[in-house]
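*Asks:*
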Amino acid sequence: MQKALKFFIIISIWLINSIIYAGENDYIIPYSKLLKNYVSKGIKEGIETTLVDYDSWQNDVNHVQAMQSLLVVNPGRFNAEEKKSFWINAYNLLTIDLIINSTERRSIKNLGTIFRSPWKKYSWKINGKNYTLDEIEHDILRPMGDARIHMAINCSAISCPDLLNKPYMADNLDQQLDYQVILFLKNPTKGVKITRAGLEISRIFKWFVKDFGGNEALEKFIFGRLNMDFTTETSIKYLDYNWNLNIKK
Numbered sequence: 010m011q012k013a014l015k016f017f018i019i020i021s022i023w024l025i026n027s028i029i030y031a032g033e034n035d036y037i038i039p040y041s042k043l044l045k046n047y048v049s050k051g052i053k054e055g056i057e058t059t060l061v062d063y064d065s066w067q068n069d070v071n072h073v074q075a076m077q078s079l080l081v082v083n084p085g086r087f088n089a090e091e092k093k094s095f096w097i098n099a100y101n102l103l104t105i106d107l108i109i110n111s112t113e114r115r116s117i118k119n120l121g122t123i124f125r126s127p128w129k130k131y132s133w134k135i136n137g138k139n140y141t142l143d144e145i146e147h148d149i150l151r152p153m154g155d156a157r158i159h160m161a162i163n164c165s166a167i168s169c170p171d172l173l174n175k176p177y178m179a180d181n182l183d184q185q186l187d188y189q190v191i192l193f194l195k196n197p198t199k200g201v202k203i204t205r206a207g208l209e210i211s212r213i214f215k216w217f218v219k220d221f222g223g224n225e226a227l228e229k230f231i232f233g234r235l236n237m238d239f240t241t242e243t244s245i246k247y248l249d250y251n252w253n254l255n256i257k258k
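Structure below.
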């Protein structure tokens, strides 16, 4: 009898947690539809990237549904992988929300001022607390200690790592992040360009070198995944970063 009761309690707890988690992910379905319908690969200003049809996205009711569901999520209920996937999705969706709720179609940087960048200027209330994009990236995601997030979050610029055309999910987050890393490293127009002298790499690696463990660890991160040998004579330079909007026209 006691074993049966214990089993019943365990199953009940599991079912309750499953229902709660499912409810916390109501934004996933409409967000998935938006990503599938309005994100596509293309070339803009000579850079291979993903392009977003912002105007069509803006007019799709799925955006309203996705935002309404996302803003009531309680991330405190999630485990580590669930939190990471949620905040990556939140960053990307809120960035698009910022663009489509403005008339700006040249660069996200134009939405800022000389005193505050757009990443610090605008905020959204999630589960009763205000968050800026800057806070999501620097106060939540980066402290998680996974440098691969820099290949997953998309700032709407042409030179940003590609926007994945599906939401990040906790159950296969590792595979999704690894995919994004390889995709970015093998993109010679904005990730890593191999030259006779050495490499030209994204400025993301310069800005966030500490997240990769320093210069030596960064070199291993890049060269190891590209199956290349590194020598002290290998020249490393940085690609220009194109901040123009990744808009599909």
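Taking this note's numbering as reference, the numbering of the sequence shown is continuous, increasing by one, and the terminal residue is 258. All C-beta atoms in this analysis are idealised placements derived from N, C-alpha and C, irrespective of residue type, glycine included.
Could you tell me how far apart the beta carbons of isoleucine 97 and isoleucine 167 are, in whole angstroms, since I believe they sit closer than 8 Å?
*Replies:* The pair is not a contact, with the Cβ atoms about 20 Å apart (cut-off 8 Å).
*Asks:* Nearest to threonine 204 by alpha carbon, out of Asn136, Met237, Cys164 and Phe87?
*Replies:* Closest option to threonine 204, Cα to Cα, is Met237.
*Asks:* Kindly indicate the opening and closing residues of the alpha helix (DSSP H) around isoleucine 97.
*Replies:* 89-109 is the span of the alpha helix (DSSP H), which, as asked, contains isoleucine 97.
*Asks:* From what residue to what residue does the beta strand (DSSP E) around tryptophan 133 run?
*Replies:* That run of the beta strand (DSSP E) goes 132-135.
*Asks:* Could you tell me the boundaries of the alpha helix (DSSP H) in which leucine 182 lies?
*Replies:* That run of the alpha helix (DSSP H) goes 182-194.
*Asks:* Expressed to the nearest angstrom, what Euclidean distance is found between the alpha-carbon atoms of isoleucine 20 and tyrosine 188?
*Replies:* Reliability fails at isoleucine 20, whose pLDDT of 45 lies under 50, so the model's placement of it is uncertain and the value that follows must be treated cautiously. Answer to the nearest angstrom: the Cα atoms are 35 Å apart.
*Asks:* Are the CB atoms of threonine 122 and serine 132 nearer to each other than 8 Å?
*Replies:* Their beta carbons are not under 8 Å apart, which means threonine 122 does not touch serine 132 by this criterion.
*Asks:* If contact is defined by three or more beta carbon pairs under 8 Å, each pair taking one atom from either stretch, is the stretch 195-215 in contact with the stretch 80-91?
*Replies:* Taking 8 Å as the limit for Cβ pairs, the verdict is that the stretch 195-215 does not touch the stretch 80-91.
*Asks:* Go to leucine 43, then tell me how far its alpha helix (DSSP H) extends in each direction, as first and last residue.
*Replies:* First-last of the alpha helix (DSSP H) with leucine 43: 37-47.
*Asks:* Tell me the DSSP bridge mates of serine 244?
*Replies:* According to DSSP, which records beta bridges pairwise, serine 244 is partnered with Gly207.
*Asks:* Can you check DSSP and say which residues form a bridge with glycine 51?
*Replies:* DSSP, once it has assigned bridges, lists Thr58 as partnering glycine 51.
*Asks:* To the nearest angstrom, how far is the alpha carbon of phenylalanine 124 from that of lysine 53?
*Replies:* Between phenylalanine 124 and lysine 53, the C-alpha separation is close to 30 Å.
*Asks:* Could you give the first and the last residue of the continuous beta strand (DSSP E) run that contains asparagine 139?
*Replies:* Where asparagine 139 is concerned, the enclosing beta strand (DSSP E) stretches over 138-141.
*Asks:* Closer than 7 Å: is that where the CB of arginine 125 sits relative to any heavy atom of the ligand MN?
*Replies:* With respect to small molecules bound, the structure shown includes none, and the ligand MN cannot be examined in it.
*Asks:* Note down, in chain order, each residue of its chain lying with its Cβ closer than 6 Å to the Cβ of phenylalanine 230, except the 5 sequence neighbours on either side.
*Replies:* Phe221.
*Asks:* So the candidates are Ile117, Tyr247 and Met153; which of them puts its Cα closest to the Cα of tyrosine 63?
*Replies:* When each option's Cα is compared against that of tyrosine 63, the closest is Ile117.
*Asks:* Could you give the distance in angstroms between the alpha-carbon of threonine 58 and the alpha-carbon of lysine 50?
*Replies:* The alpha-carbon atoms of threonine 58 and lysine 50 are separated by roughly 6 Å.
*Asks:* To the nearest whole angstrom, what separates the beta carbons of leucine 43 and asparagine 71, a pair I think is in contact under 8 Å?
*Replies:* Indeed they touch by this definition, with Cβ atoms about 5 Å apart.
*Asks:* Which residue's Cα is closest to the Cα of tyrosine 247: Lys257, Glu209 and Leu227?
*Replies:* Ranking Lys257, Glu209 and Leu227 by Cα distance to tyrosine 247 puts Glu209 first.
*Asks:* Quick one: give me the first and last residue of the alpha helix (DSSP H) that alanine 226 is part of.
*Replies:* Note, alanine 226: alpha helix (DSSP H), 224-234.
*Asks:* Helix, strand or coil: which one does DSSP assign to leucine 120?
*Replies:* Correct three-state label for leucine 120: helix.
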